[in-house]
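S.K.: Pasting a structure here, questions to come.
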Amino acid sequence: MAESDFYRGTKASRSSEAQVRKGHLTGLKPLVLVTFQSPVNFHRWKIEQLQIQMEGAPFRSKERCNAEEVCAMSWYTPMPIKNGSVVMYVDVSSNGLGPFIQNKRFHVNINGFLQKQQDNTLQFTVGNEIFNLIPRYFINVPSRPLWHTVDQTPVLILGGIPDEKSVLLTDTSFTDFFLVELNIDSCWVGSFYCPQASFTATICDAIATESTLFIRQNQLVYYFTGTYVTLHESNQGSGSWVRVLANECIKKLCPVYAHSNGSEYVMALTTGKREGYVHFGTITDGRVSFELLPRQRSVCEGLQVMNCSIIWAVFIAGDYNLLLLVQMEDPTTRKYFQVVSYDLGFESSEPQEVLPCSPPVVVGNHLAILYTIPEFIPDARGLEFLMLLGTESHTTFLMVPKGMFYNQYSNLLYIWGNFLLQSYNYENFIYLADFPKEQSIKYLVNSFRGDMAIVTETEEIWYLLEGSYRMYKLFPSRGWEVHINLQVMHQSSVYTPNETMVTLFYEDTKLYQDYYFYLASNSQSPGNVYIDMASYEKIYDLKADYELPERIFLDKGTSYVFSVFLRVGGQSLEFTPERVLTSEELKSTVDLGVVLADPGCIEAVVRQKFLINRNSVLFRVTLSDKRSCFDQGLSGHHLLETSMLLKVAGAVGHCFQNTHQGPRMQGNLMVPVLIGCPPGKRLAFDITYTLQYNRLQNKHYFDCVRVDPEMPCFLFRDVFYPFFLIQDLVTGDSGSFQGRTHSLIWTTKNTTTTKDSAFNIMSHQSLGIEWLCLENSPCYDTIPHTIFAPEFFFKVLVSNRGVDKSTYCDYQLIFLLHIHGLPLSAKRAFFILMVSSSVFIGLVTLYIIFCLLLPVMVKAWNSLRWKINNIIMSESYYTYTSPSRNCSGTSETRSTVSSRVGSSDSSKVAEANQRAPEQTWKKKPLVT
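Written out as structure tokens, the structure reads:
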């Protein structure tokens, strides 16, 4: 159950209970929207953006509560869980009735590093929770970066606690957190191939992925895979910390912020005997594997230098290569630094160029030198930025690079140290002169929405809008000091003079400074540590109903149209509200710029309309795909990541809006643009329109004798007209498919085929298709089992791969078709014809023979019967005359008279019998 905490954070007083009661009585109901983040491995799970909206139910808690005025009544909603998703965002808003309540968003993530004990208590599997927060853990401790896979990590991990093998764990983006001492062996050993100047228990590097945590302690690397049954479909947890790369000396872990190809990645830089190599780690469904790169020889050997060291590594998934920041040591010269590219997918023995831009210096079959960093910091001479062409003058400050950062949406590569360089093509760099050369950057924090924060070694915080060249110092600054003083005057417990920044990170386009305040006089918090978060945030502040989406998907040749409404305010542009500006004044005052990260792939057209009476300008922006940067792919797979940046001229650093959370910077917005087949699109068989059109074209009954409403039949000899739909499961849209497909089951009336003539191409404008049941096909020579024509179920696979140029989507559809009236094979038909003809001819012949022989047979039968009758009568005569010979005289006289009479009668009977056959034949010749 999830509790809607509208009034959480308000004063624990009777007014809170009154507000809750008032809201309930006036019809207030919270609306809870749960958004499930799609998983990394799209090969196992379907890519979808699922959202569930629920309405909270009022519930009065009967449990014991320390703050009865707050906990007495709440709203509750069930918390759904979805297989394949471990990161969930919960947005709570009001239904518009009752008191005005601000919207709230929080995380409800699955923590796979907790285990329920027999007493129903939860215990961490990675270590033991520490409940006593000692001030030395945080006071005057340098901040450290929070490394994780962006938008995919349910549990974040942060190390850096001095001399302790403890980390901070959170599954709520530090809304709350846990201090955990890790269960690792801490068995480090120095040797001649792995020199260690000193050993410490501190967790130096920590990286969190979707289901696996990585840490580095000294030269040792460990990982722990959590138990995520909903993610892996089986128990894939490691159960304990696993030490990897045991025989290696690891000096640094480098994060990979973006996942790709269904996997996540992490890189380990080596030192000692393996100097010049990178261990490239791949995490798929919690399974971890490492590969040593380069595969053939080290970077030092490839660059043909005696001594070199890899300082940083960046993985670019779109190009499938590594960018390495390499430090060279030449005995005759000073140290110098180069950006080197290594192609992970290149196996040829011939040297080739890695990038299609200006030719790099290729030094081997897998390495290419992209850029050599200048030895000294350039002299910008008062400019905001300087293009490095090699002809500029330099200062006496050495350039000391420390790391690199790459944004896959904007295609911007940054090299940072005591300077900041940016490049769009990895080879031509721009020097940003606003950053002071006396400072040194410790780490960068990017929102991947156009904002970037820079943290220095002295804990200064700078802000940079990607695509621009101005940098702004946020902390310490005069504005920050004024803000702190005002908060102290209001006796705020959140802001104090003594504070330590632990980390800096972005969450939902908001920049959080995670501060731990040391309040020595505050006895209400354990360990005299007060924990809270204060936020800087930059939002292109539009109404919720009129916001741009989080990301834009563009299919082949498609467009996305939106409008931007800008109004000229009197105070900001020095005009009185009563004055109406002319078109020329509006045109010179308000302007909107659109910056595209890949102008060769997408284009933007901006049209403006001046609303003079409102001192406003309406910009209509059309973002379109140029059909040139992507091939066909599966829905949601391998999308090309780029971005669109909207910039209001002159607004960056000058336009703010006061909100309940503080000032918000306005005037710019970066929207990720993903080119390819959008997620949730599929091809479907349109059976309804197919039946209607086939009835119209064929003009006769074609269904089976036994009609099945769930599986209509089609007649084999008819021309078949199939139609398909494109269904978008994300937006719910559905429309007719206008592209081209192919299949092996049928042939089209037109003779359009693929290049290899293996498939007949079918399109929406084709005249129909004809069925084929040739030899060796499943439907060939189907034998009927009843008096009706044979039937067959076709399992049809339809695809548009390689033949459809209207979309980036590679559609494949498998469906069943019920066909009846299939013809017999030629051999079987000839055999049946021969057998049928033979039987017919035999029957006719027998009939003719029967008709010809019947009279003769009847006559013979009658004659035979007559003879039989005569024999029978003769036998009867002798039977009667034989006994009379032994009688007396009297009797003899009588017998004589009788015999005479009998003899006379017998002769008459014999004559009658002789005439009877002739009479019978004449009257009834066919009767036997």
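So the sequence shown is residues -17 to 910, counted in the working numbering. Where a beta carbon is used, it is the ideal one built from N, C-alpha and C, also for glycine.
Quick one, are the C-beta atoms of E37 and L13 less than 8 Å apart?
M.R.: Counted from its first residue, the sequence shown places residue 37 at position 55. Counted from its first residue, the sequence shown places residue 13 at position 31. Closer than 8 Å, so yes.
S.K.: Closest to N200 by CA distance: which of V655, S180 and A811 is it?
M.R.: Your numbering for residue 200 matches position 218 in the sequence shown. Nearest C-alpha to N200: S180.
S.K.: Can you check the segment 234 to 274 for any beta strand (DSSP E) of at least 3 residues that lies completely inside it and give the ranges in chain order?
M.R.: List check, beta strand (DSSP E) in window: 246 to 252 and 260 to 266.
S.K.: Note down, in chain order, each residue of its chain lying with its Cβ closer than 7 Å to the Cβ of S168, except the 5 sequence neighbours on either side.
M.R.: Translated into the one-based positions of the sequence shown, residue 168 becomes position 186. Only K147, A183 and Q199 meet the Cβ criterion.
S.K.: What are the residues that DSSP puts in a beta bridge with W848?
M.R.: In the sequence shown, counting from the first residue as 1, residue 848 sits at position 866. According to DSSP, W848 bridges with nothing at all.
S.K.: Quick check on DSSP: helix, strand or coil for F813?
M.R.: Mapped onto the sequence shown, residue 813 falls at position 831. Helix.
S.K.: For D73, which residues of its own chain have a beta-carbon under 6 Å away from its beta-carbon, when the five flanking residues on both sides are left out?
M.R.: Counting from one through the sequence shown, the residue named residue 73 turns up at place 91. Excluding positions up to five away in sequence, the list reads L15 and R87.
S.K.: Does the distance from the C-beta atom of Y445 to that of F367 stay below 8 Å?
M.R.: Position 463 of the sequence shown holds residue 445. Position 385 of the sequence shown holds residue 367. Against a cut-off of 8 Å, the Cβ pair of F367 and Y445 comes out as no contact.
S.K.: Helix, strand or coil for G284? Go by DSSP, reduced to three states.
M.R.: Along the sequence shown, read from residue 1 onward, the residue named residue 284 stands at position 302. Three-state result, G284: helix.
S.K.: Who are W294's beta bridge partners in DSSP?
M.R.: To locate residue 294, count along the sequence shown from 1; it is residue 312. L307.
S.K.: Have a look at G364 and M381 and give me their C-alpha separation to the nearest angstrom.
M.R.: Taking the sequence shown and counting its residues from 1, the one referred to as residue 364 is at position 382. Taking the sequence shown and counting its residues from 1, the one referred to as residue 381 is at position 399. Looking at the two C-alpha atoms, the distance is approximately 19 Å.
S.K.: Which same chain residues end up closer than 8 Å to V914 when comparing Cβ atoms and leaving out the 5 residues on each side of it in sequence?
M.R.: Here the chain comprises residues numbered -17 to 910, so residue 914 is not present and cannot be evaluated.
S.K.: From Y406 to Y391, what distance separates their C-alpha atoms?
M.R.: If you number the sequence shown from 1, residue 406 lands on position 424. If you number the sequence shown from 1, residue 391 lands on position 409. Rounded to whole angstroms, Y406 to Y391 spans 11 Å at the Cα level.
S.K.: What's the gap between the Cα of L195 and the Cα of N410?
M.R.: Within the sequence shown, the letter at position 213 stands for residue 195. Within the sequence shown, the letter at position 428 stands for residue 410. Those two C-alpha atoms are separated by around 36 Å.
S.K.: I'd like to know if the segment 618 to 632 and the segment 573 to 584 are in contact, where contact means that at least 3 CB-CB pairs between them fall below 8 Å.
M.R.: Touching, yes, given that three or more Cβ pairs across the two stretches are closer than 8 Å.
S.K.: Please go through the segment 2 to 80 and give each complete beta strand (DSSP E) segment of 3 or more residues, from N-terminal end onward.
M.R.: Listed in chain order, they are 12 to 18, 32 to 37, 39 to 42, 55 to 59 and 70 to 76.
S.K.: Rounded to whole angstroms, what's the CA-CA distance from L678 to L799? Just pull it up for me.
M.R.: Residue 678 sits at position 696 when you count from the first residue of the sequence shown. Residue 799 sits at position 817 when you count from the first residue of the sequence shown. Rounded to whole angstroms, L678 to L799 spans 19 Å at the Cα level.
S.K.: Identify whether G399 lies in helix, strand or coil by the three-state DSSP scheme.
M.R.: As a position in the sequence shown, residue 399 is number 417, starting the count at 1. Strand, per DSSP.
S.K.: For F159, which option in H89, C186, Q99 and S193 has the closest C-alpha, if you only look at C-alpha atoms?
M.R.: Walking along the sequence shown from the start, residue 159 turns up at place 177. For F159, the nearest C-alpha among the options comes from H89.
S.K.: Report all residues from its chain with a CB closer than 6 Å to the CB of L352; omit the five preceding and five following residues, and keep chain order.
M.R.: In the sequence shown, the residue the question calls residue 352 occupies position 370. So the list reads V321, S323, P342, Y408 and E409, once near-sequence residues are dropped.
S.K.: Is DSSP giving T103 helix, strand or coil here?
M.R.: Translated into the one-based positions of the sequence shown, residue 103 becomes position 121. Of the three classes helix, strand and coil, the one that applies to T103 here is coil, per DSSP.
S.K.: For A0, which of helix, strand or coil comes out of DSSP?
M.R.: In the sequence shown, the residue the question calls residue 0 occupies position 18. In the structure shown, A0 sits in a helix (DSSP, three-state: H, G or I).
S.K.: Give the DSSP-derived three-state secondary structure of Q674 in the structure shown.
M.R.: Stepping through the sequence shown from its first residue, residue 674 is reached at position 692. Q674 falls in the helix class under three-state DSSP.
S.K.: Alpha carbon to alpha carbon, what distance is there between S598 and T564?
M.R.: In the sequence shown, residue 564 corresponds to position 582, counting from 1. In the sequence shown, residue 598 corresponds to position 616, counting from 1. Those two C-alpha atoms are separated by around 10 Å.
S.K.: Return helix, strand or coil for Y204, following the three-state DSSP convention.
M.R.: Here residue 204 refers to the residue found at position 222 when the sequence shown is read from its first residue. Three-state DSSP puts Y204 in a strand.
S.K.: DSSP has G385 in a bridge; who is on the other side?
M.R.: Residue mapping note: residue 385 aligns to position 403 of the sequence shown, counting from 1. Paired residues: W398.
S.K.: Taking G66 and W27 to be in contact with their CB atoms under 8 Å, please state how far apart those CB atoms are, rounded to whole angstroms.
M.R.: Along the sequence shown, one-based indexing puts residue 66 at 84. Along the sequence shown, one-based indexing puts residue 27 at 45. 4 Å between Cβ atoms; contact.
S.K.: Count the other CB atoms within 10 Å of the CB of W843; is the residue buried (16 or more) or exposed (fewer)?
M.R.: Indexing the sequence shown from 1 puts residue 843 at position 861. Exposed, because fewer than 16 other Cβ atoms sit within 10 Å of the Cβ of W843.
S.K.: Sorted by chain position, which residues of the same chain lie with C-beta nearer than 7 Å to P40's C-beta, five sequence neighbours on each side aside?
M.R.: Reading the sequence shown from its first residue, position 58 is the one you call residue 40. Only H6, M55 and W57 meet the Cβ criterion.
S.K.: S617: which of T540, Y793 and R699 sits nearest, CA to CA?
M.R.: Here residue 617 refers to the residue found at position 635 when the sequence shown is read from its first residue. Measuring from the Cα of S617, the nearest candidate turns out to be Y793.
S.K.: Alpha carbon to alpha carbon, how far is F272 from H724?
M.R.: In the sequence shown, residue 272 corresponds to position 290, counting from 1. In the sequence shown, residue 724 corresponds to position 742, counting from 1. Each residue's Cα considered, the two are about 42 Å apart.
S.K.: Would you please state the rounded distance, in angstroms, between the beta carbons of V281 and V308? I believe it to be under 8 Å.
M.R.: On the sequence shown, residue 281 is found 299 positions in, with the first residue counted as 1. On the sequence shown, residue 308 is found 326 positions in, with the first residue counted as 1. With a Cβ gap of about 6 Å, V281 and V308 count as contacting.
S.K.: Using DSSP's beta-bridge definition, name the partner residues of P654.
M.R.: As a first step, residue 654 must be located in the sequence shown, where it is residue number 672. DSSP lists S625 as partners of P654.
S.K.: So, using beta-carbon positions, are T604 and V543 closer together than 8 Å?
M.R.: Within the sequence shown, the letter at position 622 stands for residue 604. Within the sequence shown, the letter at position 561 stands for residue 543. Going by C-beta atoms, T604 is nearer than 8 Å to V543.
S.K.: For the structure I just gave you, are there three or more beta carbon pairs, one from the segment 798 to 815 and one from the segment 770 to 777, closer than 8 Å?
M.R.: Verdict: yes, contact present.
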